[in-house]
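Following our numbering, the numbering of the sequence shown begins with 279 at its first residue and continues without gaps.
Notes to accompany the following structure.
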Amino acid sequence: MSNLLLILPSLLSMVYLMADFHHKWWWYLIFCSIPIIYLCILAHLKNTNELNEEDDTYTF
């Protein structure tokens, strides 16, 4: 998960600079909320023990 937090800002800035979404702030807000939703789902799965804590296959 720490790798995801390192990669995420560069991916967001790259997509934001490549695409012409400067006037569509709502699209950028939705795009930024996708990884937050992913992290919430991952935390929920870890709390319900669906993922083994010693298994790092779900990390990047």
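Note that CB positions come from ideal geometry on N, CA and C, so glycine has one too.
For chain B, find out if any of its Cβ atoms is closer than 9 Å to the Cβ of residue i; answer yes or no.
i	result
residue 311	In the displayed structure, chain B is absent; only one protein chain is listed.
Taking the alpha-carbon of residue i as reference, which of the options has the nearest alpha-carbon?
i	options	result
residue 288	305, 304 and 310	310
residue 286	326, 321, 316 and 304	316
For residue i, which residues from the same chain have a beta carbon less than 7 Å from its beta carbon, with the 5 sequence-adjacent residues on both sides left out?
i	result
residue 292	none
residue 304	none
Given residue i, which residues of its chain have a CB within under 6 Å of its CB, disregarding the five upstream and five downstream residues?
i	result
residue 313	286
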